[in-house]
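Asks: Quick note on full-length UniProt numbering: the sequence shown kicks off at 1 and runs consecutively.
Quick reminder that beta carbons are idealized off the backbone N, C-alpha and C, glycines included.
Please see the structure below; I have some questions.
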Amino acid sequence: MVLSSWHAILATIKPTVVKPLVAQSGKCQSCGLYFQSEDLMAVHHVDGNSTNYQQSNLALLHRHCHDQLHRNLRGKHRAVEEPCEATRLMHGPEDQRGG
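Below, the structure is given as structure tokens:
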């Protein structure tokens, strides 16, 4: 997706998603692929503290990348971040995936 297309989309999503999305140049911090408008996203709290919303503590990941990260962390650490709200670029019931 062209960066100019993102400007229209950015106005419709939460600031906690916009900031890391822009800082990461539209790419998932985990896999490095560009986010597409239909992708499910999750805000990852790098320090594991889901109440710490400092920019340096936030990373935007595809939801499946975030799930994989936490599966891997559970095997290495006893304490893991509590689930953070998964977010989709566009909000509303038409954007909810089943299953």
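Since K27 sits in a beta bridge, which residues does DSSP pair it with?
Replies: According to DSSP, which records beta bridges pairwise, K27 is partnered with Y34.
Asks: Give me, in chain order, the residues of the same chain whose beta-carbon lies closer than 6 Å to that of C65; leave out the 5 immediate sequence neighbours on both sides.
Replies: Closer than 6 Å at Cβ, skipping near neighbours: C28, S30, C31.
Asks: Whole angstroms are fine: how far does the CA of D67 sit from the CA of G75?
Replies: Computed Cα separation, rounded: 13 Å.
Asks: Across which residues does DSSP place L60 in a beta bridge pair?
Replies: Answer is V43, bridged to L60.
Asks: Just checking my contact of H45 with L58 at CB under 8 Å: how many whole Å lie between their CB atoms?
Replies: The Cβ separation is near 7 Å, so the contact holds.
Asks: Can you find the residues in the same chain that come closer than 7 Å, C-beta to C-beta, to R78, ignoring five residues on each side of it along the sequence?
Replies: Confidence in R78 is poor, its pLDDT being 47 and thus under 50, which makes the residue's placement unreliable; the coordinate value appears in the next sentence. Once the five neighbours on either side are set aside, R78 has no close Cβ partner at all.
Asks: By Cβ distance below 8 Å, which residues in the same chain neighbour A23 in space, the five residues on each side in sequence not counted?
Replies: Q55, listed in sequence order.
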